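A.B. asks:
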């Protein structure tokens, strides 16, 4: 029985290993291949499966692999559970590590992991429909996606994502530039649209309580820390380069566009009323510890070299 397992392992991971096997293994090759029909979850491969120096241990496959699966050199997969089909191409670049991942539903599309990718203890319980592309030197750990991801997910090089939880659908494209840090974020609502994070962007301990409908563009060298969004953001949010946001809390909807120019600092702001309209912050704008308890039903524009600090707004601005 042990010899059968060895032959199956070699058959999956390439003909050169089969050539190196003893003769008695090759004589029993057909019988060993027949054991694939007795796998607990009826694993089926349709396409090409190969990869040098790859390790797979304790995996459970409850659905078919339809397409080409390419495991490049020095890839490690351990204790993964795939409960749904993977339909299309799956490519793992060299030096990729995947451990204890759980995929609860189908992955339909192309999954492409760049070099030096580390993924551990991730749980995908709903479908991923589209392309998933992770650039080189990407780290993802203990992420949980409770809703469907529809579209393209493109994570640039040198990206770190840790302990993120997505309980709602992500509909659209997610693109994160190089040197992006995304840590301990929780999205309880849908993200419908495109999310683009430029290079050298930091997002840590953010909480999104409701849907984000529209486009979110984070420019290069943008820092977003400890922000909380408890209701919808309907529209576009654009953060220019050299933007710092820390400890902001938005408890009502943002309906419209929020644009912040380069070299903008926004810290410890609290918005308990609806900003309805456009908010534009020019370059080199500073805002600190601002509290707005009522809605803004107009456009707010802050020019360059603007300093706004310790202000309180308790009435509706109708201008």
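Residue numbers (mature numbering (1 follows the signal peptide of the UniProt record, and there is no 0)): -20 to -1, 1 to 299. Think of the CB as a built atom: it goes at the ideal place given N, C-alpha and C, for glycine as much as any other residue. What you are looking at is a predicted structure, and each value in this text was computed from that prediction instead of being measured.
Any idea what DSSP makes of residue 143, helix, strand or coil?
C.D. replies: What you label residue 143 is simply residue 163 of the chain shown in a count that begins at 1. The answer is coil: DSSP assigns residue 143 none of H, G, I, E or B.
A.B. asks: Can you tell me which of 92, 141, 181 and 204 puts its alpha carbon nearest to the alpha carbon of residue 100?
C.D. replies: Position 120 of the chain shown, counted from the first residue, corresponds to residue 100. Comparing Cα positions, the closest option is 141.
A.B. asks: Between the alpha carbons of residue 61 and residue 82, how many angstroms are there, rounded?
C.D. replies: As a working mapping, residue 61 is identified with position 81 in the chain shown. As a working mapping, residue 82 is identified with position 102 in the chain shown. For residue 61 and residue 82, the distance between alpha carbons rounds to 5 Å.
A.B. asks: Please state whether the Cβ-Cβ distance between residue 246 and residue 259 is less than 8 Å.
C.D. replies: As a position in the chain shown, residue 246 is number 266, starting the count at 1. As a position in the chain shown, residue 259 is number 279, starting the count at 1. No, the Cβ-Cβ distance between residue 246 and residue 259 is not below 8 Å.
A.B. asks: I need the straight-line Cα distance from residue 161 to residue 80, nearest angstrom please.
C.D. replies: Counting from 1 along the chain shown, the entry for residue 161 is found at position 181. Counting from 1 along the chain shown, the entry for residue 80 is found at position 100. Their Cα atoms are separated by approximately 23 Å.
A.B. asks: From the DSSP output, read off the bridge partner residues of residue 124.
C.D. replies: The count along the chain shown starts at 1 and reaches residue 124 at position 144. 103 and 145.
A.B. asks: For residue 185, name the three-state secondary structure that DSSP assigns.
C.D. replies: Locating residue 185 in the chain shown gives position 205, counting from the first residue. DSSP places residue 185 in coil when its eight states are reduced to three.
A.B. asks: Which value, in whole angstroms, describes the spacing of the CA atoms of residue 306 and residue 165?
C.D. replies: Since the displayed the chain opens at -20 and closes at 299, residue 306 lies outside it and no answer follows.
A.B. asks: Residues in the same chain with beta-carbon distance under 6 Å from residue 182, minus the five sequence neighbours each way, listed in chain order, please.
C.D. replies: Walking along the chain shown from the start, residue 182 turns up at place 202. If we look at residue 182 and ignore the five residues flanking it on each side, its Cβ neighbours are 161 and 203.
A.B. asks: DSSP has residue 98 in a bridge; who is on the other side?
C.D. replies: Translated into the one-based positions of the chain shown, residue 98 becomes position 118. For residue 98, which the question treats as bridged, DSSP gives the partners 77 and 119.
A.B. asks: Going by DSSP, what residues sit across from residue 176 in a beta bridge?
C.D. replies: In the chain shown, residue 176 corresponds to position 196, counting from 1. Paired residues: 155 and 197.
A.B. asks: Going by alpha carbons, who is nearest to residue 217 out of 223, 103, 196 and 180?
C.D. replies: In the chain shown, the residue the question calls residue 217 occupies position 237. Looking at the Cα atoms, 196 is the closest of the given residues.
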